[in-house]
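In what follows, a structure is listed as structure tokens, so that the remarks can point back to it.
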Amino acid sequence: MLLPDHEFLKPASLAEGLALLAAGPGARVLAGGTDVVFNMRGRLFTPPAVVSVRSLPELQGLHERPDGSLDIGAGCRLTDLLADPLLARHPALRTALRAVASRHVRNLATLGGNLCLDTRCWFTNQSEDWRAARGPCLKTGIDACHALHGSPVCVALNNADTPPALIALGATVTLASVRGERQVALRDFYRDDGIDHTVRQPDELLTRVIVPPTTDRVVFLKETARQGMDFAYGTIAARADGHGARAGRITLVLGSLTTAPVVLDAITTRLVADGLGDDAIDAACAGLRAALGPLTNLYSPAAYKRELARTLLRRALLALREM
Amino acid sequence: MDAKRETPPAGRSRVLRLVVNGDLHEVLVTPRHTLLDVIRGELGLKGTKEGCTTGSCGVCTVHNDRGEAILSCLTPALEWDGESITTIEGLESGGRLAPIQQAFVEHHAVQCGYCTPGVIMSAQAILNATPEPAEADINDGLAGVICRCTGHIKVKEAVRNAWRYAGGAGPAPGGSHD
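In order, the protein sequence lines correspond to chains E and F. Numbering that gives the first Met the number 0 puts the first residue of the first sequence at 0, with every later residue one more than the last. Numbering that gives the first Met the number 0 puts the first residue of the second sequence at 0, with every later residue one more than the last.
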């Protein structure tokens, strides 16, 4: 099946690309294509125009800033990042990068693309014919949600692997438009809405990802149905300073369970006070239900998601304690 | 193929300049074509297969100019203007199978054969990146391609033993099956 008809635009510079995004309402940004082309083939995306940004020079390259932070071009392929010696200082980020799909996909896919990966739902990530039989939903045109009946917002899952790791690392992203540039902390980038799932405006382009330096312990874990290539049932990124059970600052981010990655602030406050002892870890896991709120049955039952979140949290905290 | 049955509007057609297996092709394509549509439909290179077209199965695997495996179904053809790719047809030289192809024959790493071009291109990409691949390299490189007939055991044997068929001397004596 051919892709839906559209205008294919390939700007030569960032300025030209931003002008195209400002001029063309509904234009879709295309980088590696592994998500956008998939969604175009399923007619979930039928944009009037596609703006290809993969080759923009301003989105390339990875370098270290004077303050030690890494400045990563959003157009860098995941494969190139995995091969870059500068990434060796962030083993948890490397784990998350390698967890994305397969080599075949990582050879095309970009970091910016993974951060902007569209949300997934088993009622929308289907062929056009399948969706037609089921009827439309919030994402495809009417006021109804098949995944969570009565839901006023789309509850599709954010299934990207790199956001939890980069949120834990305190990354910020640069959003550029003809109106100027702004920096957004990645933890504030995602919204609890499966349709407008990031704060990026239609005329904005995610150009750079800044990862501050750290000597903290960081882990990333991903649980899937099978080894090899798969979207996650759940992921966790966990970070702590200090050593052993002592930590003055802890960051915990759960991914793939909800519409936006979940930063567990309330739980970490208690863990910092109590330390990473067995009892404190038990208490943290027990407190997870309240922190997560209602969950959907998308891709796995809500009860499984809760149990998985507890398991991931326990494994991550135990791993941090050993580091 | 659908690409042939549907008639895209000609207004948005553009000339795509693409080097495939060392030969420069100039083809009229529209934004609606993926790289796979061009390889099979326009160039008639039917070795590259169309499977799921959603990035799950890997049978459409070809190589970019770095010899890396990419999915031709998930990338618009016009994205590849001025670039160079290799398809399964480009692996043999002068009528002689590439070592990895010979290894697939010797190790019976084929059942129905539909996935085989994609699996071989994935296997060759592993060898391009790591001439002496470890088990983890092989698993990682084959994770994106799926054989639905059988499994990956024979395929992995073939990848591990491809070196035996290098050097242009044909199959190694005895054709090991370790």
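Beta carbons are placed, not taken as given, at the ideal position from N, Cα and C, and that holds for glycine.
C-beta atoms of residue i and residue j nearer than 8 Å
i	j	result
E:H103	F:G57	yes
F:V180	F:I84	Any answer about residue 180 of chain F is impossible in this case: the structure gives chain F only from 0 up to 177.
F:L27	F:W79	no
E:R27	E:P10	no
E:C136	E:H148	no
E:T109	E:R42	no
F:T29	E:G32	no
E:F219	E:A95	yes
E:I166	E:R186	yes
F:A142	E:G16	no
E:A159	E:G111	no
Three-state secondary structure assigned by DSSP to residue i
i	result
E:S51	strand
E:A87	helix
F:R31	coil
E:D128	helix
E:A327	Nothing in the structure corresponds to residue 327 of chain E, since chain E is present only between 0 and 322.
E:G254	strand
E:L316	helix
F:S71	helix
E:T310	helix
E:D70	strand
E:H62	strand
E:D34	coil
E:L287	helix
E:E6	strand
E:G233	strand
F:A142	coil
E:R245	coil
E:A239	strand
F:G174	Below a pLDDT of 50, predicted positions are generally treated as unreliable, and F:G174, at 42, falls in that range; no measurement from the model is reported.
F:D80	coil
E:L96	helix
Residues near residue i by beta carbon distance below 8 Å, same chain, minus five either side
i	result
E:R199	C115, L174, F188, L205
F:E82	L17, V18, N63, D64
Among the options, the one whose alpha carbon lies nearest that of residue i
i	options	result
E:A143	E:N157, E:G243, E:F122	E:F122
E:V262	E:D215, E:L287, E:T45	E:L287
E:L317	E:H242, E:Y298, E:S255	E:H242
E:A259	E:M0, E:E57, E:L96, E:L156	E:L156
F:C72	E:R40, E:L185, E:D4	E:R40
F:S121	F:R39, F:V37, F:R13, F:G66	F:G66
E:A246	E:L253, E:F37, E:G254, E:A237	E:A237
E:H62	E:L86, E:N158, E:V50	E:L86
E:R76	E:L58, E:H89, E:P300, E:G140	E:L58
E:G23	E:D202, E:A231, E:D278	E:D202
F:Y164	F:A135, F:Q100, F:T53, F:H151	F:Q100
E:A244	E:P300, E:D264, E:A315	E:A315
F:V144	E:A132, E:D229, E:V172, E:P211	E:D229
F:C111	F:G150, F:I69, F:D139	F:G150
Near the ligand GDP: residue i beta-carbon under 7 Å from a heavy atom
i	result
F:H151	Questions concerning the ligand GDP fall outside what the structure shown contains, since it holds no ligand whatsoever.
Cβ-based neighbour list, residue i, same chain, cut-off 6 Å, excluding 5 preceding and 5 following
i	result
F:G50	C56, V58
E:N106	T78
F:A108	K153, V154, A157
E:E323	Residue 323 of chain E lies beyond the range of chain E shown here (0 to 322); nothing can be said about it.
E:I266	A283, G286, A290
E:P163	T234, A236, V252, G254, P260
E:R64	D70
Contacts around residue i, its chain only, beta-carbon distance under 7 Å, and the 5 residues preceding and following it disregarded
i	result
F:E88	N20, L44, G46
F:A168	The pLDDT assigned to F:A168 is 47, lower than 50, so where the model puts this residue is not dependable, and the model offers no usable value.
F:H24	L17, L42
E:L319	R216, V218, A237, A239, L275
E:D83	L61
E:R93	L81, L86
E:I141	P135
Any alpha helix (DSSP H) of 4 or more consecutive residues that is wholly inside the segment 98-133 of chain F: 98-105, 115-128
Unbroken stretches of the beta strand (DSSP E), 3 residues or longer, contained in the segment 118-203 of chain E: 171-176, 179-184
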